[in-house]
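Residue numbers 37 to 213, in my numbering, belong to the letters of the sequence shown in order.
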Amino acid sequence: MNKERIEKYGIALRRLQAEDLEMVRQWRNNPKISQHMVYRQCITEEMQIAWYNRINNDHNFYFIIEWESRSVGLINIRDINEAEKSGEAGVFFWDDACLNSDVPFRANLALFDFAYVVLGLKLLRAQVLRSNIRAIRFNKYMGFRLQPGQEAEDPQFYHQKREDFFVWRSKVAGLFV
């Protein structure tokens, strides 16, 4: 598994490139996506380029999710802390056909394998808006737990330990070969 392209569980994750920026910006500015994000302001071309210049390094891994030869979403591990062996995970799907399918599970399995096996991380965090019930259920299913004291916060912070991921993966990975 390399850091530019991950092909596993019948899905491909392709490292975000400069030529993807306008597509991702259009997705991100669309209300169907932005309503679920902590940052909801309109993103300009200049802001998108500045963001890409900040995240295009080995502390942030953003991937375009490819399914059936089309780009369907964005998935990432960002703000990797080498000392703590931790990072923050995130995902969104532009293609509505993926939302009620197994594609989100395939994409997260591939990304988390990368995080825990290739990068050697021990903990992933996730920020989720309290109103995003679908994302909360999804994260809990994958072994994320609400951090203490977060019940009334917005966004809420969840975490997944490496060992919890491997327990979850052992239960579901065989479904996605």
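Ideal Cβ placement from N, Cα and C applies to all residues, glycine included.
Buried versus exposed call for I169 [16 or more other C-beta atoms within 10 Å across all chains shown]: exposed
Inter-stretch contact (C-beta, 8 angstroms, three-pair minimum) for the segment 156-163 and the segment 194-205: yes
Touch test, the segment 77-88 against the segment 100-107, Cβ-Cβ under 8 angstroms, three pairs minimum: no
Uninterrupted beta strand (DSSP E) stretches inside the segment 175-209 (no shorter than 3 residues): 192-197
Straight-line Cα distance separating V139 from K44: 12 angstroms
Reduced DSSP category for Y45 - H, G, I as helix; E, B as strand; rest coil: coil
Distance between W130 and L165 (C-alpha atoms, nearest Å): 18 angstroms
Residue burial classification, R173 (beta-carbon count within 10 angstroms, cutoff 16): exposed
Chain-order list of residues whose beta-carbon lies under 8 angstroms from that of A209 (same chain, five-residue window excluded): Y45 and L145
8 angstroms contact criterion, which N112 and A125 should meet: CB distance rounded: 7 angstroms
Beta strand (DSSP E) segment containing A146, residue limits: Premise fails: A146 lies in the alpha helix (DSSP H), V139 to D149, not in any beta strand (DSSP E).
Rounded C-alpha distance that separates M178 from S206: 11 angstroms
CB-CB length for I100 against R64, believed under 8 angstroms: Contact doesn't hold; Cβ gap of about 13 angstroms is too wide.
Euclidean distance between Cα positions of I47 and F141: 10 angstroms
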